[in-house]
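Protein sequences appear in the order of chains A and B.
Residues 31 to 269 (the working numbering) make up the first sequence, in order.
Residues 13 to 147 (the working numbering) make up the second sequence, in order.
First the structure, in the form of structure tokens, and then the observations on it.
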Amino acid sequence: MIEPHLMKIRARDEISAEEEQAIRGAAAEYRDYPANHVFIRANEDLTCSTLLLEGLLCRFKDLSGGQRQITELHVPGDFADLHSFTLKRLDHEMKTLTPCRVALVPHDRLRAITEEHPHLTRVYWFLTNLDAAIHREWVTSLGQRRAMARMAHLFCELYERLRIVGLAPRTTFALDLTQEELAQCLGVTPVHANRSLKELRASGLLDFRNGLVELRDLAAVQKLADFDPGYLYLEHRSR
Amino acid sequence: MEHPTKGPPGPLFRNPRRTLQSAPQTEKPTTKAANLEQLAGTAPAGGAYAVMAHFYFHLRNNIGLTRDDEGQELPDLAAAREYAIDNIRSVLGGEAREGRIDLRGSIEIADGGGSVLAVVSFSEAVDLQTGSDSP
Numbered sequence: 031m032i033e034p035h036l037m038k039i040r041a042r043d044e045i046s047a048e049e050e051q052a053i054r055g056a057a058a059e060y061r062d063y064p065a066n067h068v069f070i071r072a073n074e075d076l077t078c079s080t081l082l083l084e085g086l087l088c089r090f091k092d093l094s095g096g097q098r099q100i101t102e103l104h105v106p107g108d109f110a111d112l113h114s115f116t117l118k119r120l121d122h123e124m125k126t127l128t129p130c131r132v133a134l135v136p137h138d139r140l141r142a143i144t145e146e147h148p149h150l151t152r153v154y155w156f157l158t159n160l161d162a163a164i165h166r167e168w169v170t171s172l173g174q175r176r177a178m179a180r181m182a183h184l185f186c187e188l189y190e191r192l193r194i195v196g197l198a199p200r201t202t203f204a205l206d207l208t209q210e211e212l213a214q215c216l217g218v219t220p221v222h223a224n225r226s227l228k229e230l231r232a233s234g235l236l237d238f239r240n241g242l243v244e245l246r247d248l249a250a251v252q253k254l255a256d257f258d259p260g261y262l263y264l265e266h267r268s269r
Numbered sequence: 013m014e015h016p017t018k019g020p021p022g023p024l025f026r027n028p029r030r031t032l033q034s035a036p037q038t039e040k041p042t043t044k045a046a047n048l049e050q051l052a053g054t055a056p057a058g059g060a061y062a063v064m065a066h067f068y069f070h071l072r073n074n075i076g077l078t079r080d081d082e083g084q085e086l087p088d089l090a091a092a093r094e095y096a097i098d099n100i101r102s103v104l105g106g107e108a109r110e111g112r113i114d115l116r117g118s119i120e121i122a123d124g125g126g127s128v129l130a131v132v133s134f135s136e137a138v139d140l141q142t143g144s145d146s147p
């Protein structure tokens, strides 16, 4: 059940059978959440971290006027709030976008991993740094890319992130995002997102319809988005 | 002029899941507004959720018609007009960054049956000043 998580790690580093057992033994509980369920509120005390096994969830922040920014999407295999282990509370909310299956990993078990498995500790440090790299790329997108390129870039990113956990074997893959959620990722309004998508579709390079992304010409979409997968650290390195 | 009912086959996006959800722990649309109504005791019997309506926002502008197949839950038509204006400003802002301001466009607000309830023109969304005098 935690295979996507192991795939995500093994795309970047070796982990031993013993380390795999430590990861498998860390989950104290499995839960199924419905779609659109806020499972972490900002500033509440947290004693466990959430490992996403199936579905799609996000980190988001709301402004007092009701505007919402989704700051990162999480795909299966992501330790969505590993950072709560050291932060103890989060400065943002987390919610499911689709029905999700998650594993809850108590912080005391993460502490035990850091004490007994130094290499695994570095791997998890890497995963936190990876989230930070993704945030930097989103900041760059929000500040500098035009809406159409921003959308194309997001599709390129999700293709790579889903591909390494076996969920995008081809350049046509499932992505169950609504127009509103997509807009909240991109810092535009839903009608604006819809307009940008229309332009992308007209280009013939990609389509997004009924929860299915179709990257018809991956190289051309990557060029349009100015997408360089370097920030996803897909290379295998020992840590 | 292209008519909304003649758009491409199939919805561009899935039906929003939130409109299908009513589980107690599930976030409701425009939660803040709903909560404020409840806090103020102005929410009608049955909860604020019951008074939400589903509106669709079809965009007509220089790239033609962009149909909205997903729509949005909002309390009433006045809120839908506000929502349309915010969306127009977002679209115009993106175009302005590319060096073009074209106010020949509108958003049609439609209900689930496809009836157009209101049309908000781009020019209603901005206070436009032109001319050579500096303020």
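Even glycine gets a Cβ: it sits at the ideal position worked out from N, Cα and C.
Name, please, each residue of chain A whose Cβ falls closer than 8 Å to the Cβ of I75(B).
As a working note, residue 75(B) is residue 63 in the second sequence. R225, K228, E229 and A232, listed in chain order.
Quick one: does E84(A) have its CB under 8 Å from some CB of chain B?
Looking up residue 84(A) in the first sequence gives position 54. False, the Cβ-Cβ gap to chain B never drops below 8 Å.
Okay, do the segment 121-139 of chain A and the segment 166-184 of chain A touch, 3+ Cβ pairs below 8 Å being the bar?
no
Can you name, in chain order, every residue of its own chain whose Cβ lies under 7 Å from the Cβ of E84(A), other than the five neighbours on each side?
Taking the first residue of the first sequence as position 1, residue 84(A) is located at position 54. Once the five neighbours on either side are set aside, the close Cβ partners of E84(A) are P106, C130 and R131.
What's the gap between the Cα of Y60(A) and the Cα of I143(A)?
By 1-based counting over the first sequence, the position of residue 60(A) is 30. By 1-based counting over the first sequence, the position of residue 143(A) is 113. If I take the Cα positions, the gap works out to 19 Å.
Interface partners of R119(A) on chain B, CB under 7 Å:
Taking the first residue of the first sequence as position 1, residue 119(A) is located at position 89. What R119(A) touches in chain B: nothing, since even the nearest Cβ is about 20 Å away.
Among A92(B), G105(B) and F134(B), the one whose alpha carbon lies nearest that of R72(B):
Within the second sequence, the letter at position 60 stands for residue 72(B). Checking every option, the nearest Cα to that of R72(B) belongs to F134(B).
Find the nearest neighbour of Y189(A) within the set L81(A), L36(A), A249(A) and W155(A), judged by alpha-carbon distance.
Residue mapping note: residue 189(A) aligns to position 159 of the first sequence, counting from 1. If we check each option's Cα against that of Y189(A), A249(A) comes out closest.
What three-state label does DSSP hand F257(A) in the structure shown?
Along the first sequence, read from residue 1 onward, the residue named residue 257(A) stands at position 227. Of the three classes helix, strand and coil, the one that applies to F257(A) here is coil, per DSSP.
Name, please, each residue of chain A whose Cβ falls closer than 7 Å to the Cβ of L89(B).
As a working mapping, residue 89(B) is identified with position 77 in the second sequence. Going along chain A, no residue has its Cβ under 7 Å from L89(B), so there is no contact; the nearest lies around 17 Å.
Using the beta-carbon count (16 or more within 10 Å), is I100(B) buried or exposed?
Within the second sequence, numbered from 1, the residue matching residue 100(B) stands at position 88. I100(B) comes out buried.
Verify the CB distance criterion: does L71(B) have a CB-CB separation below 8 Å to chain A?
Taking the first residue of the second sequence as 1, we reach residue 71(B) at position 59. It does: the Cβ of L71(B) has a partner Cβ on chain A nearer than 8 Å.
Under a CB-based cut-off of 8 Å, is E110(B) close to chain A?
Residue mapping note: residue 110(B) aligns to position 98 of the second sequence, counting from 1. It does; some Cβ of chain A falls within 8 Å.
Using C-beta distances below 8 Å, list every residue in its chain close to R116(B), excluding the 5 sequence neighbours before and after it, in chain order.
Here residue 116(B) refers to the residue found at position 104 when the second sequence is read from its first residue. Cβ neighbours of R116(B) beyond the five flanking positions: N73, N74 and F134.
Suppose you measure from the CA of K44(B) to the CA of E85(B); what does that come to, to the nearest Å?
Position 32 of the second sequence, counted from the first residue, corresponds to residue 44(B). Position 73 of the second sequence, counted from the first residue, corresponds to residue 85(B). Confidence at K44(B) is low in this model, with a pLDDT of 38, below 50, so the placement of that residue should be treated as unreliable; the coordinate-derived value is given next. Taking the straight line from one Cα to the other gives about 13 Å.
Is the Cβ of V103(B) closer than 8 Å to any Cβ of chain A?
Taking the second sequence and counting its residues from 1, one reaches residue 103(B) at position 91. Taking Cβ atoms only, chain A reaches closer than 8 Å to V103(B), which makes this a yes.
Looking at K118(A) and L157(A), is the spacing between their C-beta atoms short of 8 Å?
Taking the first residue of the first sequence as 1, we reach residue 157(A) at position 127. Taking the first residue of the first sequence as 1, we reach residue 118(A) at position 88. No, Cβ-Cβ distance for L157(A) and K118(A) is not below 8 Å.
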